[in-house]
Amino acid sequence: MKLNFKTYFILFFFILCFCEAKAQYNRVDSIQKNFDKAYNELEAMLNGKQQASFKRAVYLVENAYFDDSLNYNLYLGLIDYYKKVALAYNKVNKLQSYKYADSLKQNLNASLFKIFTDTIKTIDNQIASTPFQYNFQDALGNKDFSSTFITNLLVTKKGNCHSLPYLYKILTEELGTKSYLSLAPMHIYIKQFNKKVGWYNVELTSGSFPLDAYLMSTGYISHQNIVSKLYMDTLSYKESIATCVMDLCYAYMRKLDTLSNYGFIIKCANKSLEIKPNYVSGLLRLNGIHNYLYAKYTKENKSDLAIIHKQAFIETNKKLMKLGYQDVSEETFNKWYTSYQKDKSKYDNTQINTNFKK
Amino acid sequence: MRFAFKENSLNKENGSPFSYFFSFDKTVTPISNLAHLFFAKNRQKTKELNFPPKQIGFASQVFAHLTPFSQSALPQAFGILIFIFLVSLKCFSQNIQQPQTPTFNNTNSLNINNGNTNPINNNPTQYNNTVFTPNYKAPLPNEKQNAQTKNAINQYSDIKSELNTKESKYKKQLWELQLKGFRFANPNSPEYKLNHQCYLAAYDSINDMLLGKKPYNLKRAIFLVENAYYGNKGKYKQFTDLIDNYVYILKQIIKNENLDINNNLSLNYAIQKLFLEKVKYKDKNGIVKFHDPFKYDFENPMGDKDYSKQFVFKSLIANTGQCHNLPLTYKLLATEIGAKANIAYSPNHSYITFPDNDNYYYNFECTSGAFTSYAFIMSSGYVSSNAINSGIYTVPVSDQQLLANQLNDLGIQHLMTFGTDDFQLQCAKRTLEVFPNNIMALQSISNHQTAKVQATGYYLGFPKPENIENYPDLKNEMDKRNNMYDYIDMLGYTQMSDEVYKKWLNSVNLEKAKKESEEIKKTILLKVKVLN
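Spelled out as structure tokens, the structure:
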């Protein structure tokens, strides 16, 4: 039988469709597999079966989003590079007028901050590193979720309030100093402690050390939020990894663009809440998914299931109310951030000095 | 299979920076990645990136291969592979250290209890001999560091002989020391002998209230503390009569203004009226009288010269006061008329915070009559979020905690009248048992410890900081003190000098703050008068 061009074309089209459908099925399956793998390792870290490492936890999330194709060694290598630059800078430059017992560590922190905010040159006038900047185009990762990733930050040098403090935390850990993540409405920043000032904030998105008042100026953090440790508390090492579990959850949702496998989402939220019971995004996610399921089951006339999810929805709502949570829209966040950028010198903590001797 | 990955974010943009990261052995992405190495169109995109650094040490030499990313693709692919291999060698040999997290609730981690465990039984004179005499044991020589230890021993013997002469020179009692404002109590002085018993009695009865052996009575506790200063010469009835008089006026205010007794806000409004305005009232005999508002006592507000200025007794009689006694007076009056109000602390300061029936809290500065918002308190820059988290500032103090704080007040009063002593330490520790992270009690302990360090230093002839290893006693005391300082700093404490404090007090009167205060006042009025 002779086949002309048309029949070839139709046959080809059918094969293509078949492949497409099968691959689509395979895709969901493989994504689920990757995310499960990452979740299991994170869970092992949280249960103490595996040594907890924030660096590894962040990698696991990003690797799962990139279909298990992110090169771990290259990731480690890039972090190691900035560590080396910081150490080299620290070796040569000494802080001006800081005479306290923790001066060595403070020197390391200051040099790391310098690397985040300034261009570093070698003696031969070669550029060793350029500053990390705030990504004003897609700060919340709406266009491309991967713009909130550390890997993106390491390569493009542009990050947001998620990737910048995460990288800073990883690097301080590498250098042997301490830094803590701290939460705010739609925002994460760094808290550090030294003997001169006590606790101070590091805002890497603007490259400054603001006072607590700058966050209070949002008007979205109440006194109750701080007392209940919802916001502005220092996260412990385990709690920092719990935030990675929630990141995994969000990455999963962005990857599939559906709420079809809500089991995984509930699992992630519950795990993070197990470690930090007043974790905002965990509670919000749980609240959202129960609301969705309640609506879904009432449509399908499954009243038993609907009632269960309704109750869970009300419970999480109550918890959020108790913690004094207020909803913050993206618009208000952007408004606040731009207004903060305008008069950021007003909120500067002048006690902290990062000037090096010349 | 290529079609399958259409939606994948990776393949959407071939020139994506992430292509650096994807290993080539996977079946998932290699085609697109390698393709974009070869296609000239995509090169420009990669050039724009600020990819790290040229030439610094080992790493950048490898990067130097990476950066151009244009001339020939295959050698670079090899370069990347070699880099991965080398870096993985480097990175897997690292040890990851876990940072420790700060904990706020664990007061046991402190060395508070390590000193004299039972201070009340220790006579200060005995303690004088046992604790502060230097320990002359020579350090044990270590075989490995013979030369070093020999030197150290030689030095040590020199110091020892020097000290022997010094000690005989300076053989004084502890209480004779006047060190940088730290005064030790003299147990032999006639005042001490007379009044110390009153302090012990006051301690016991307040402690009984805390343990539940006696009924809770804040009024009596405050009276006991202040009466100890006067050697138990005051009469409780006199104190209660003064308060009853105010309650009598308050009841008239409530009656005249038609205030709702069930509304907590209106009850507090009545007290604030008494504090802020000239109130007309009828005597028990029917004579019309006026009550002047409470005023801030600008003379010696800290009570350095005359400690009795801090007393509630004084504010009740003289109608003036400062940030210690005015809030306490407010609190006493509130408990008498059944209003809910709590004291809260900020650096070197205390004020009133009271809820409405919906449990929304308002702050009232008794000293200036201003209503402040939390944002304002925090924007002063002296209350950090860590301080609120750890519960040292701005958090409403419960009734039981306030009672416990009276013990610490008793200890500080003891310090102000006689000098520092184990009694002060005992009071502070008991307060901390009921009211953990009470900043005043923690400061009291650290001050006592500082005095101890100075005293030991004095007996050892103030050795140089380099030689501190040779004085284990001094080092021990200093470590305890430093631990205490570190812990207090960790809680978010900020120091506020007198000057800054005055500035801050004035800032309450600034226009913006005034506006804010008036707005809050208006809302309270609205809720009290109109909505009821």
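Protein chains in written order, with numbering that gives the first Met the number 0: chain Y, 0 to 357; chain W, 0 to 531.
Where is the CB? At the ideal position from N, CA and C, for every residue including glycine.
Under the Cβ distance rule, Ile523/W does not count among the residues neighbouring chain Y, no pair being separated by less than 8 Å. Within a 10 Å sphere around the beta-carbon of Val91/Y sit fewer than 16 other beta-carbons, which makes this residue exposed. Within the same chain, and ignoring the five residues on either side of Leu325/W in sequence, the residues whose Cβ sits closer than 7 Å to its Cβ are Phe293, Ser314, Cys365 and Thr366. Here DSSP, grouped into helix, strand and coil, assigns Pro464/W to helix. When DSSP assignments are scanned along the region 389-435 of chain W, no uninterrupted stretch of beta strand (DSSP E) that is 3 or more residues long falls wholly within it.
At the C-beta level, Phe208/Y and Ile351/Y come within 8 Å of one another. Pairing Ser29/Y with Ala43/Y, the inter-Cα distance amounts to about 21 Å.
Looking only at Ala305/Y, Thr204/Y and Glu238/Y, the smallest Cα-Cα distance to Gln132/Y is reached by Thr204/Y.
Here Gln49/Y is not near Asn193/Y, since their CB atoms are 8 Å or more apart.
Met439/W sits away from Met215/Y, with the two beta carbons spaced by 8 Å or more. Contact between Ser384/W and Ile225/Y holds: their C-beta atoms lie close to 5 Å from each other, under 8 Å. Here Ile9/Y is exposed, its C-beta having fewer than 16 other C-beta atoms within 10 Å. Beta-bridge analysis with DSSP links Thr352/W to Asn341/W and Asn362/W.
Beta-bridge annotation (DSSP): Ile189/Y is paired with Leu180/Y and Val201/Y. For the region 363-393 of chain W, the set of residues with a beta-carbon nearer than 7 Å to any beta-carbon of chain Y comprises Tyr373, Ala374, Met377, Ser378, Gly380, Ser383, Ser384, Asn385, Ile387, Asn388 and Thr393, in chain order. For Asp357/W, there are no C-beta contacts with chain Y under 7 Å, since the nearest C-beta of that chain is about 12 Å from it. Excluding sequence positions up to five before and after Ala250/Y, its CB lies within less than 7 Å of the CB of Val60, Ala63, Tyr64 and Phe144, all in the same chain and listed in chain order.
Not a single CB atom of chain Y sits nearer than 8 Å to the CB of Gly285/W. One thing to note: Tyr346/Y has its Cβ no nearer than 8 Å to the Cβ of Tyr219/Y.
DSSP, read as helix, strand or coil, puts Val382/W in coil. Within chain W, the residues placing a beta-carbon under 7 Å from that of Ile225/Y are Ser384, Ile387 and Asn388, ordered along the chain. In the structure shown, Asp296/W falls within a coil segment according to DSSP collapsed to helix, strand and coil. Contact annotation: in the region 441-473 of chain W, no residue has its CB less than 9 Å from a CB in chain Y. Distance check between Ala109/Y and each of Gln191/Y, Asp35/Y, Tyr38/Y and Gln125/Y places Gln191/Y closest, using alpha-carbon atoms only.
One thing to note: Ile242/W has its Cβ within 8 Å of the Cβ of Glu335/W. Apart from the 5 residues on each side of it in sequence, Gly456/W sits with its Cβ closer than 7 Å to the Cβ of Leu473 in its chain, given in chain order. Put simply, the CB of Asp478/W is far from chain Y, with every gap to its CB atoms at 8 Å or more. Nearest neighbour of Glu202/Y by Cα position, chosen from Gln310/Y, Lys54/Y, Gly158/Y and Phe11/Y, turns out to be Gly158/Y.
By the criterion of a C-beta distance shorter than 8 Å, Asp79/Y is surrounded in its chain by Glu173, once the five residues flanking it on both sides are discounted. DSSP, reduced to helix, strand and coil, places Ile270/W within a helical segment of the structure shown. Bounds of any beta strand (DSSP E) do not take in Phe312/Y; it lies within the alpha helix (DSSP H) bounded by Ser302 to Lys321. When rounded, the separation of the alpha-carbon atoms in Leu75/Y and Phe422/W is 57 Å. Interface flag for His222/Y against chain W is set, since a Cβ pair is found closer than 8 Å. Taking the C-beta atoms as reference points, Phe263/Y is found no nearer than 8 Å to Tyr293/Y. The alpha carbon of Leu275/W has as its nearest neighbour, out of Leu530/W, Gln400/W, Lys520/W and Ala454/W, the alpha carbon of Lys520/W. Going by DSSP, Ile126/Y is part of the beta strand (DSSP E) stretching over Ile126 to Ser128.
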